[in-house]
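Asks: This is the structure I want to talk about, given as structure tokens.
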Amino acid sequence: MKSPVVASRQSWFARNRMLLLTVTIVAAYAIFIEWFWGWASILGQWAAVGALPVVTALVLLTSTYFLRTWRIYDYFPRETAGRFQTLFRVTQIHNLLNIMMPFRTGETSFPVLMRTEFGIPLTRATSALLVMRLLDLHALLAAAGIGFAIGSSHKALAWLAWGVFLLLPVAGFTVRKTLLRFAGKLLPSKLQHFVAEIENGLPANASAFARAWAMTVINWLVKVLVLAWALSLMGVLPLAASFGGALGGELSSVLPVHAPGGVGTYPAGITAGAVAFGASGERAAVASLAQASINAHLLIIVSALTGTAVSLPFGRRRREL
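Numbering-wise (the numbering used here), the sequence shown opens with residue -18 and increments by one.
As structure tokens, then:
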């Protein structure tokens, strides 16, 4: 029989295994960067860029978190009314956990936090999160599609395919009730309430859907343009390659396979996207691109930490006795 001390230690490791995995991978990543490039070389790129552009990029990236919060605020107007600050804190905690935890496990914090703070059922919050993530992925893929359509040898066909893809969210929203009714017929009666909660997690009407879609596009437009600008300042050329790098990094962050803190996967996404959009594949250019991608990744992490730090004073509302 296990002693209480041993059982307690095993329980602690079981509860914190994901955190321990994240810390281990991030530490190994930091050691690898020091061994391969040296942190002095990596941070030297920021010194060459200058303090003002770095601070400007950081402020702009942090500002997108307010827009993300507004999207959720508008999504749940009745439950979140008058509590934007609390919602901002919730979204920042969720964002940081989502970045730092592997394989998208940080996403599970969103429905839990929304239920704890606003009393929104788990199924409804999960449904809303799925819709928002699909809109995020669609916006990024649509932006990437512009670059591929421009470079295609069959432009008419490429732009037609892009236009059809662009309208997919509209088609999905239009047939949502038909799909939910079909799902309701397949499920047993005791699970019908889940279908109702899923429907409640979808935009209430066309106007709400349009606002969610518009805020998604604006959010990613600002973030991608800021990252592209930062990459160009660090020597990622041509400008299309900087844009492709920013898209590649952000696409890696919304896909299911995501390392803790984006370690390795985010810089790899930037490098792949930049090369796909015209960056040089020569050894020296790729080495410089790799350093720039790591710095862009650090900028994302710092902006997430900044947003979380700003949100922390917005504590939970005191419950009335």
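Virtual Cβ for every residue (Gly too), placed ideally from N, Cα, C. For clarity, every value in this text was computed on a predicted model and none was experimentally measured.
Return helix, strand or coil for F57, following the three-state DSSP convention.
Replies: Coil.
Asks: Curious, which full-length alpha helix (DSSP H) runs of at least 4 residues does the segment 166 to 244 contain?
Replies: Listed in chain order, the complete alpha helix (DSSP H) runs (minimum 4 residues) inside the segment 166 to 244 are 173 to 181, 187 to 214 and 220 to 235.
Asks: Suppose contacts are defined by Cβ-Cβ distances below 9 Å. Is L280 in contact with L42 by that definition?
Replies: Result yes, Cβ atoms of L280 and L42 sit closer than 9 Å.
Asks: DSSP three-state call for M95: helix, strand or coil?
Replies: Of the three classes helix, strand and coil, the one that applies to M95 here is helix, per DSSP.
Asks: Would a C-beta distance cut-off of 9 Å place V217 and G226 closer than the cut-off?
Replies: In contact: V217 and G226 (Cβ atoms closer than 9 Å).
Asks: Name the two residues that bound the continuous alpha helix (DSSP H) containing R85.
Replies: Counting along the chain, R85 falls outside any alpha helix (DSSP H), and DSSP gives it neither H nor E.
Asks: The alpha helix (DSSP H) spanning F129 covers which residue range?
Replies: Unbroken alpha helix (DSSP H) run through F129: L103 to G132.
Asks: Please identify the residue among L141, L270 and Y54 whose C-alpha is closest to the C-alpha of I101.
Replies: With distances taken between Cα atoms, I101 lies closest to Y54.
Asks: Using the C-alpha atoms, what's the distance from G262 back to I23?
Replies: Between I23 and G262, the C-alpha separation is close to 20 Å.
Asks: Measuring CA to CA, which of T37, I74, E180 and R70 is closest to T159?
Replies: For the residues T37, I74, E180 and R70, the minimum Cα distance to T159 belongs to E180.
Asks: Only counting the same chain, and skipping five residues up and downstream in sequence, which positions put a Cβ closer than 6 Å to that of L122?
Replies: Nothing meets the Cβ criterion.
Asks: Which same chain residues, not among the five before or five after R300, have their C-beta less than 8 Å away from its C-beta?
Replies: Low confidence applies to R300: its pLDDT is 43, below 50, so where it sits in the model is not reliable enough to give any reading.
Asks: Around the Cβ of G254, are there at least 16 other Cβ atoms within 10 angstroms (buried) or fewer (exposed)?
Replies: Buried, because 16 or more other Cβ atoms sit within 10 Å of the Cβ of G254.
Asks: Let me know if T246 comes out buried or exposed under the rule of 16 or more other beta-carbons within 10 Å of its beta-carbon.
Replies: T246 is buried by the Cβ-count criterion.
Asks: Is the segment 60 to 76 touching the segment 146 to 159 in the sense that three or more CB pairs, one from each, lie closer than 8 Å?
Replies: They do not touch, by the three-pair rule.
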